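Numbering (UniProt numbering), first residue to last: 1 to 617.
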């Protein structure tokens with residue numbers, strides 16, 4: 001049987017294929033790829049670069065400043081789109097490719113889709129060793145891109161042009177699969193990028209990808225329903241899967257119908273509005289007093305779309321009820337069965353609806369529901385005190401959060417953060433109003449994500465007021481996508497908290513008995529402290545900048561910059577030692593068994609006592 005074909009280079013085939021993949025958003029058919037981030041080098045400019053040029057009007061190519069930054073922005077784009085749309089990133093062979101490995105791990109841990117297209121060595125090996133080629137003395141098939149293997153959900157090296165046909169089909173399956181979703185790496189040998197092949201025209205037929213909603217197994221569903229019906233003190237842990245399933249309305253209905261309080265993980269925060277009476281807020285190490293008090297007594301935990309990592313579970317010392325049962329409602333069996341949980345493999349929306357129907361008129365005992373509301377009232381009083389305005393010379397992170405909330409909080413605001421001490425404070429204190437309005441990368445806690453992540457969020461949500469909160473340590477690691485945001489007209493507002501070092505880790509160091517060492521700048525080995533002018537630095541990249549000296553000045557600057565057409569950076573000095581004492585929970589950070597320092601010995605004794613509360617297995 002003859003087949004209609006079109007002759008294209010492998011790179012042209014990749015580009016054309018990407019333009020033909022579609023999805024449905026709000027009833028409209030839209031391209032599933034929102035664009036391609038590219039930094040060209042000798043390993044991709046001639047092949048992939050020429051191919052992207054030919055489709056630039058259909059699929060935009062964005063020029064970034066750093067490969068990790070552009071991949072972080074692409075991942076943020078996917079997260080902000082609840083995984084419904086995503087992006088591709090291409091680099092040359094060598095350091096450009098390896099700069100994206102951290103981002104691949106970020107996407108892998110957070111179950112977020114991104115297509116990575118690094119250049120690779122010559123498949124024909126004629127010019128070996130080509131510039132930037134990593135040579136293995138014992139294996140001629142290895143290249144630097146093999147570093148992507150453990151942090152990719154799917155990895156392939158394209159050594160012949162026709163191999164891209166099954167590889168791209170497999171890539172799309174992974175990128176759109178609710179359970180296996182994550183980064184895909186297609187390593188493109190640079191000579192093969194330029195090779196032509198007669199591709200079947202059908203390969204480029206338009207295809208629409210819509211989310212798969214997995215229905216629960218009837219036996220697992222029956223077990224979950226029976227377990228909840230027997231519960232006296234149930235809680236719901238809302239994870240990121242609630243948002244990716246777009247199940248916020250179903251979660252609210254479920255909680256209200258059955259009188260079950262909801263606690264939120266970092267990934268799940270904003271699943272319910274802050275004002276919902278049954279939303280107890282953050283849970284675990286960075287949890288509210290309300291959430292953690294209920295979690296300690298809960299006899300049944302319905303974990304919806306959560307991977308139950310240590311910050312959520314207080315290193316598995318938070319849940320203290322001897323009869324505790326965990327129902328793992330998750331699309332991924334690996335997550336659903338953690339810690340001997342009762343698995344319920346299903347989409348969050350579908351699972352909540354089926355459980356609710358089976359529960360009928362079941363409601364948690366009224367005393368439990370009323371207790372939850374009382375705990376929330378008490379927590380809100382503590383949170384209001386922590387975030388209240390002040391005239392302190394060096395305000396706390398919490399006081400800065402309060403200022404940002406008062407000046408720019410609301411349903412049109414998306415708050416972006418990632419690493420350091422701010423995630424803990426924001427998890428407790430930020431008042432999220434709408435699903436996805438709280439955008440935290442804390443699965444991998446990637447320092448340097450914030451600015452690039454803010455850019456990705458703005459590309460995904462151009463009508464949103466994107467506020468990035470970042471510490472000086474994380475800003476110093478990766479800030480160059482400020483320039484990209486200026487280039488692209490993607491206005492974000494960056495609030496930079498300067499506590500002169502790694503304040504979060506310094507506090508952890510002190511809490512585990514360590515001496516102040518190598519975290520705050522003043523405690524480093526140095527001849528001269530740098531005295532960085534962050535406002536001048538950001539201004540040099542084209543941003544509107546302000547350096548403020550107080551919380552009232554910060555609120556005024558936030559109001560002034562709200563109408564600015566381009567990215568703004570507001571810098572404020574903060575106290576590195578103050579953190580919100582209310583709420584929170586112990587976290588397992590191993591303290592040395594032997595030390596010459598009495599502080600470490602004392603911390604070890606406390607650590608060993610805390611270990612007794614852990615539930616193992």
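Cβ atoms here follow ideal geometry from the backbone N, Cα and C, with glycine treated the same way.
The structure presented is a predicted model; accordingly, all values stated were derived computationally and were not measured.
Grouping DSSP H, G and I as helix and E and B as strand, with all else coil, what is residue i?
{"i": "residue 590", "result": "coil"}
{"i": "residue 390", "result": "coil"}
{"i": "residue 66", "result": "coil"}
{"i": "residue 21", "result": "strand"}
{"i": "residue 325", "result": "strand"}
{"i": "residue 264", "result": "strand"}
{"i": "residue 154", "result": "strand"}
{"i": "residue 319", "result": "coil"}
{"i": "residue 539", "result": "helix"}
{"i": "residue 613", "result": "coil"}
{"i": "residue 580", "result": "coil"}
{"i": "residue 444", "result": "coil"}
{"i": "residue 482", "result": "helix"}
{"i": "residue 270", "result": "coil"}
{"i": "residue 341", "result": "coil"}
{"i": "residue 454", "result": "helix"}
{"i": "residue 36", "result": "strand"}
{"i": "residue 351", "result": "helix"}
{"i": "residue 361", "result": "coil"}
{"i": "residue 545", "result": "strand"}
{"i": "residue 601", "result": "helix"}
{"i": "residue 551", "result": "helix"}
{"i": "residue 473", "result": "helix"}
{"i": "residue 235", "result": "strand"}
{"i": "residue 145", "result": "helix"}
Of all the options the options, which has the alpha carbon lying nearest to the alpha carbon of residue i?
{"i": "residue 280", "options": "293, 263 and 395", "result": "263"}
{"i": "residue 144", "options": "489, 134 and 151", "result": "134"}
{"i": "residue 89", "options": "111, 107 and 117", "result": "117"}
{"i": "residue 218", "options": "2, 507, 154 and 355", "result": "355"}
{"i": "residue 529", "options": "535, 489, 557 and 520", "result": "520"}
{"i": "residue 36", "options": "498, 24 and 87", "result": "87"}
{"i": "residue 584", "options": "398, 465, 260 and 284", "result": "284"}
{"i": "residue 359", "options": "33, 569, 506 and 255", "result": "255"}
{"i": "residue 161", "options": "122, 302 and 512", "result": "122"}
{"i": "residue 604", "options": "396, 487, 509 and 180", "result": "509"}
{"i": "residue 43", "options": "148, 139, 190 and 309", "result": "190"}
{"i": "residue 296", "options": "22, 237, 556 and 481", "result": "237"}
{"i": "residue 19", "options": "206, 385 and 485", "result": "206"}
{"i": "residue 289", "options": "370, 571 and 581", "result": "581"}
{"i": "residue 31", "options": "41, 180, 17 and 574", "result": "17"}
{"i": "residue 10", "options": "52, 391 and 104", "result": "52"}
Sort out for me which residues DSSP pairs residue i with in a bridge.
{"i": "residue 118", "result": "91"}
{"i": "residue 498", "result": "573"}
{"i": "residue 279", "result": "262"}
{"i": "residue 465", "result": "413"}
{"i": "residue 438", "result": "415"}
{"i": "residue 86", "result": "33"}
{"i": "residue 257", "result": "DSSP output for residue 257 lists no bridge partner at all."}
{"i": "residue 185", "result": "116 and 155"}
{"i": "residue 208", "result": "22"}
{"i": "residue 330", "result": "345"}
Just to confirm the assignment, what range does the alpha helix (DSSP H) spanning residue i have?
{"i": "residue 190", "result": "190–193"}
{"i": "residue 218", "result": "218–229"}
{"i": "residue 241", "result": "240–244"}
{"i": "residue 406", "result": "397–408"}
{"i": "residue 507", "result": "503–511"}
{"i": "residue 524", "result": "Where residue 524 is concerned, there is no enclosing alpha helix (DSSP H), given that its DSSP letter is neither H nor E."}
{"i": "residue 108", "result": "101–110"}
{"i": "residue 489", "result": "Unbroken run through residue 489: none, as it is neither H nor E."}
{"i": "residue 125", "result": "Element bounds for residue 125: n/a, residue is neither H nor E."}
Where does residue i land, buried or exposed, given buried means 16+ other C-beta within 10 angstroms?
{"i": "residue 325", "result": "buried"}
{"i": "residue 598", "result": "exposed"}
{"i": "residue 536", "result": "exposed"}
{"i": "residue 465", "result": "buried"}
{"i": "residue 330", "result": "buried"}
{"i": "residue 5", "result": "exposed"}
{"i": "residue 2", "result": "exposed"}
{"i": "residue 388", "result": "exposed"}
{"i": "residue 137", "result": "exposed"}
The beta strand (DSSP E) spanning residue i covers which residue range?
{"i": "residue 197", "result": "196–200"}
{"i": "residue 302", "result": "300–304"}
{"i": "residue 9", "result": "5–9"}
Does the distance between the C-beta of residue i and the nearest non-hydrogen atom of the ligand MN fall short of 6 Å?
{"i": "residue 156", "result": "This structure lacks the ligand MN, and indeed carries no ligand of any kind."}
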